[in-house]
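See structure below.
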Amino acid sequence: MDQQTAQELMTHIVAPAFELFVERRNASLLELDFALLALSNAVSHFPNISDWPDDAESSLDYAVLSAEISRHWPELGLYDLNTGEGLTDHSSEIGDAIDDLADIALDLGRSLEIAHVNVSGAVSQLRFWYDAHWDDHAADLRKHLTWLLNK
Numbered sequence: 017m018d019q020q021t022a023q024e025l026m027t028h029i030v031a032p033a034f035e036l037f038v039e040r041r042n043a044s045l046l047e048l049d050f051a052l053l054a055l056s057n058a059v060s061h062f063p064n065i066s067d068w069p070d071d072a073e074s075s076l077d078y079a080v081l082s083a084e085i086s087r088h089w090p091e092l093g094l095y096d097l098n099t100g101e102g103l104t105d106h107s108s109e110i111g112d113a114i115d116d117l118a119d120i121a122l123d124l125g126r127s128l129e130i131a132h133v134n135v136s137g138a139v140s141q142l143r144f145w146y147d148a149h150w151d152d153h154a155a156d157l158r159k160h161l162t163w164l165l166n167k
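So, in structure tokens, the structure goes:
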């Protein structure tokens, strides 16, 4: 992937998604769902070449991101991980929509920090994190959002 394409992906896909996830800006749950789908579809096509700086330090803090997301998305919370629905007495696995969104936002934010130094490395690292970590969070959260939107 050339530098210009990588920069455009970070500027037009990753940065707006990060801002939506953390700041909301009056977005609806449907817009959140669409952003997760669009982001997942885009990142799943990024190159996965393990080309990023090993010594990249991040200024982002999970607890701070999680608190911001919780404040801006109060309707998100715990859910039945198997069904995506609200918790019941029969829920055997519990999902946390705030944790899902915070984990995704943390990886997006870290890739945006890396992009200032190595944009192609940032794209590659984001793809790695997608495959290794947050694609499951996105799928689980989208299942829960579908339930919230249809209840």
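In terms of our numbering, the sequence shown opens at residue 17 and continues consecutively. Glycine included, each C-beta is placed from N, C-alpha and C at the ideal position. Please read these numbers as outputs of a predicted model, since none were measured by experiment.
- Excluding its 5 nearest sequence neighbours in each direction, A58 has C-beta neighbours in its own chain below 6 Å: I29, listed in chain order.
- Taken through DSSP and simplified to helix, strand or coil, G102 comes out as coil.
- Closest in alpha carbon position to D96, among S127, T27, T162, is T162.
- Burial check for R143: the Cβ neighbour count within 10 Å reaches 16 or more, so the residue is buried.
- Counting every other CB atom within 10 Å of its CB across the protein chains shown gives Y146 a total of 16 or more, marking it as buried.
- Distance from the CA atom of D123 to the CA atom of D115, rounded to whole angstroms, is 12 Å.
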